[in-house]
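Now the structure itself:
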């Protein structure tokens, strides 16, 4: 059975809605600090995005393999920059992050940090997400860091669903 792309597209839409809807929901949540919107935002926003990223990444990797089999060309030839990668934090040279490698990093992430317009700290109000996440992990004993531009990740993720 071939992997359905409609569910991937739906999840890319949901990811877009969470990330780019964050400023509007944050505005509503900050109108009344006791409002249910504030509680829902604080409890679910980051966990829902994290769940979507892992699910999307696993399925995009499958599609990427399918793309390669069909075209004998890696998608990284065109989906070559969805962020940046430091393969070793001890030697912080930064390079571009392909869609495929972003999916690998999401699947193997140890720590995921969300970017916000301001640090949350102990303030009683919420700040909206920026469309960027930082991921940290270890490969061959080296600590790595990947920063993913979610707008580009969604764009190229959707593009590969059009090509397989």
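In the working numbering, the protein residues as written are 775 to 938.
Idealized CB from N, CA, C, for every residue including glycine.
Since this is a predicted model, take the numbers as computed values, not measurements.
Under 8 Å by Cβ, that's how I've got residue i and residue j pegged, so tell me the actual separation to the nearest angstrom.
i	j	result
residue 910	residue 935	In fact, because the Cβ distance is near 28 Å, the residues do not count as touching under 8 Å.
residue 876	residue 920	7 Å
residue 917	residue 873	In fact, because the Cβ distance is near 23 Å, the residues do not count as touching under 8 Å.
residue 789	residue 837	Between residue 837 and residue 789 the Cβ distance is about 16 Å, and since that is not below 8 Å, they are no contact.
residue 828	residue 881	7 Å
Using a 10 Å radius around the Cβ and a threshold of 16 neighbouring Cβ atoms, would you call residue i buried or exposed?
i	result
residue 913	exposed
residue 793	buried
residue 803	buried
residue 891	exposed
residue 791	exposed
residue 871	buried
residue 831	buried
With a CB to CB cut of under 6 Å and the five nearest residues on each side skipped, what residues in its chain are close to residue i?
i	result
residue 833	782
residue 812	803
residue 823	792
Using a Cβ-Cβ cut-off of 8 Å (strictly less than) and excluding sequence neighbours within five positions of residue i, which residues of its own chain qualify?
i	result
residue 842	848, 849
residue 932	783, 786
residue 894	900, 901
residue 835	874, 877, 878, 881
By Cβ distance below 7 Å, which residues in the same chain neighbour residue i in space, the five residues on each side in sequence not counted?
i	result
residue 902	796, 797, 800, 890, 891
residue 907	886, 887, 888, 889, 922, 924
residue 904	889, 890, 891
residue 844	938
- Message: Any contact between the region 803 to 823 and the region 847 to 866? By contact I mean 3 or more CB pairs, one from each, below 8 Å.
- Response: no
- Item | Stretch-stretch touch, CB-based, cutoff 8 Å, three pairs: the region 922 to 932 with the region 855 to 869 | yes
- Task: Let me know the alpha helix (DSSP H) ranges lying completely inside the region 906 to 937, each 4 residues or longer, listed in chain order.
- Result: 924 to 937
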